[in-house]
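Undergrad: Before anything else, here's the structure in question.
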Amino acid sequence: MFIDIHTHITYQDCPELAYGILGRPPFDVDVLLKRMDLEGIDKSVVLPLVNPEVLDRYGVAGNQEVIRACKAHPDRLIPFCAVDPRSMLVWGKKGTPGSMYNLLKIYREMGCLGIGEVCGTIPVDDERYGVIFEAAGELNMPLIFHIQRITGHNYGAADEFHLPGFERMLQKYPDTVFIGHSMAFWTEISGEVPESESEGYLYNPYTKKGRLWELFEKYPNIGGDISAGSGAYALSCDPVHGPEFMEKFQDKLYFGTDRFSAIDEPIPPQKPLMDKWLAEGKISQTAYDKISHLNAQKLLNI
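Numbering (this note's numbering), first residue to last: 2 to 303.
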């Protein structure tokens, strides 16, 4: 069984945006389900995007459309919700209608089992993010992060090299589950961190273990989403330490693809990589089963 913890869909009602912005046909819910059937993926978590940095840029559906799509296919699709830390709601008093806690509670009651993709480009340890993290812990809603560098010009919760802000949040909100994703996160699997993103993030092999090994060892509330090129390449670039990381932290890793491209897209590398390493005896059947679906089932109580 496979549960994909990181997928998106594009605007179904506005295909002009997919064609015009992405230059390709829409990746709507029907296409997602066809790809899942093709690849043997049983369930997918669908992540909306709402932050201004990414709104329209990727043509990805927001909260309401994601919830509608998942309600139409409850046996296959699981909705998350996305919020922005710069919203006026973060200053609302908890327990009142105009508060971030109340908004997340409403989304939870509407079926959203987590929060993500977290993309708002302010420091990850900013007090405005803290309001969301505290509420997420109380409402039992894990968060999936896109991390970027403080000096980056892209999108994502911003942090410095070696993730000091992320660690402060792990410490401050021990009841909240933080699941990392993106180049800036997975770069930290290696001890050889580049001075800038332009230098790349793949080391084959990396000669020493990086910050993620320490964080995964130390904090029970951290997890890793192995989706996209960042997750797949960070693990596969070292055929020794990559499977070692998966085996050692098998309880904290989640299969994902980060897909929303096309009906004829290549098969994402995560599942073939896991199949290969299982066949070669580099990861155990237990680790394979946990990463492929058991961890997601436990995390989301499904």
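Ideal Cβ placement from N, Cα and C applies to all residues, glycine included.
Keeping to the same chain, check which residues put their C-beta closer than 7 Å to that of MET2; ignore five residues upstream and five downstream.
TA: The residues are ASP43, SER293, HIS294.
Undergrad: Spatial neighbours of TYR174 within its chain, please: C-beta separation below 7 Å, excluding the five flanking residues on both sides.
TA: PHE134, GLU135, GLY138.
Undergrad: Between which residues of its own chain and PRO16 is the CB-CB distance below 6 Å, once the five residues before and five after are set aside?
TA: For PRO16, where only same-chain residues beyond five positions count, the Cβ hits under 6 Å are PRO27.
Undergrad: Identify the continuous alpha helix (DSSP H) that holds ARG150 and give its terminal residues.
TA: It is not in any alpha helix (DSSP H) - ARG150 instead sits in the beta strand (DSSP E) that spans 148-150.
Undergrad: With a threshold of 8 Å, establish whether the CB of ALA70 neighbours any heavy atom of the ligand COA.
TA: The ligand COA is absent from the structure shown, which contains no ligand whatsoever.
Undergrad: Can you grab the Cα-Cα spacing for the pair ARG129 / GLY112, in whole Å?
TA: Taking the straight line joining both Cα atoms gives about 24 Å.
Undergrad: In three-state terms, what does DSSP make of CYS71?
TA: Three-state result, CYS71: helix.
Undergrad: Could you give the distance in angstroms between the alpha-carbon of GLU189 and the alpha-carbon of ASN103?
TA: Approximately 35 Å, taken between the alpha carbons.
Undergrad: Please determine if the region 259-278 and the region 212-219 are in contact, where contact requires at least 3 C-beta pairs separated by less than 8 Å.
TA: Judged by Cβ distances under 8 Å, the region 259-278 makes no contact with the region 212-219, as fewer than three pairs qualify.
Undergrad: Put GLY181 into one of helix, strand or coil per three-state DSSP.
TA: Correct three-state label for GLY181: strand.
Undergrad: Can you pull the DSSP bridge partners for VAL312?
TA: This structure cannot settle anything about residue 312, because the visible part of the chain is limited to 2 through 303.
Undergrad: Quick one: Cα of GLU198 to Cα of PHE146, how far?
TA: Any reading at GLU198 must be qualified, since the residue scores a pLDDT of 49, below 50, and its modelled position is unreliable; the value itself is stated next. Between GLU198 and PHE146, the C-alpha separation is close to 18 Å.
Undergrad: Flag this pair as touching only if the region 172-187 and the region 227-237 have three or more C-beta atom pairs under 8 Å; answer yes or no.
TA: Yes, the region 172-187 touches the region 227-237.
Undergrad: Measuring only the C-alpha atoms, how far is GLY201 from PRO240?
TA: With a pLDDT of 45 at GLY201, under the threshold of 50, the modelled position of that residue is not reliable, and the figure given next carries that caveat. Distance between the alpha carbons of GLY201 and PRO240: 19 Å.
Undergrad: Would LEU114 and PRO80 be called neighbours here (beta carbons separated by less than 9 Å)?
TA: The answer is yes: Cβ separation under 9 Å.
Undergrad: Is it the case that the region 90-104 contacts the region 55-75, given that we only count it when at least three CB pairs across the two stretches are under 8 Å?
TA: Short answer: they don't touch.
Undergrad: Starting from the C-beta of MET247, find all residues in its chain whose C-beta is less than 7 Å away, skip the five residues before and the five after it, and write them out in chain order.
TA: The residues are LEU236, LEU254, ILE284, ALA288, ILE292.
Undergrad: Helix, strand or coil, according to DSSP, for ILE284 in the structure here?
TA: If DSSP states are grouped into helix, strand and coil, ILE284 belongs with coil.
Undergrad: Are CYS120 and VAL32 closer than 9 Å when you measure CB to CB?
TA: Contact flag unset, no.
Undergrad: For the beta strand (DSSP E) containing GLY225, list its first residue and its last residue.
TA: Run containing GLY225: 223-226, per the beta strand (DSSP E) assignment.
Undergrad: Would you mind listing the beta strand (DSSP E) stretches within the region 44-121 that are 3+ residues and don't spill past its ends, in chain order?
TA: Correct list: 44-47, 78-80, 116-119.
Undergrad: Could you check the C-alpha separation between PHE167 and GLY157 for me, to the nearest Å?
TA: Whole-angstrom Cα-Cα distance: 12 Å.
Undergrad: Residues in its own chain within less than 8 Å of TYR204 by CB, not counting five upstream and five downstream?
TA: Any reading at TYR204 needs caution, since the residue's pLDDT is 44, under 50, leaving its predicted position unreliable; the model's value is listed next. Closer than 8 Å at Cβ, skipping near neighbours: SER191, GLU193, CYS238, ASP239.
Undergrad: Is ILE268 buried or exposed, if buried means 16 or more other CB atoms sit within 10 Å of its CB?
TA: When all chains shown are included, ILE268 counts as exposed.
Undergrad: Beta-carbon separation of HIS9 and PRO49 under 9 Å?
TA: Yes, the pair counts as a contact, with Cβ atoms nearer than the cut-off.
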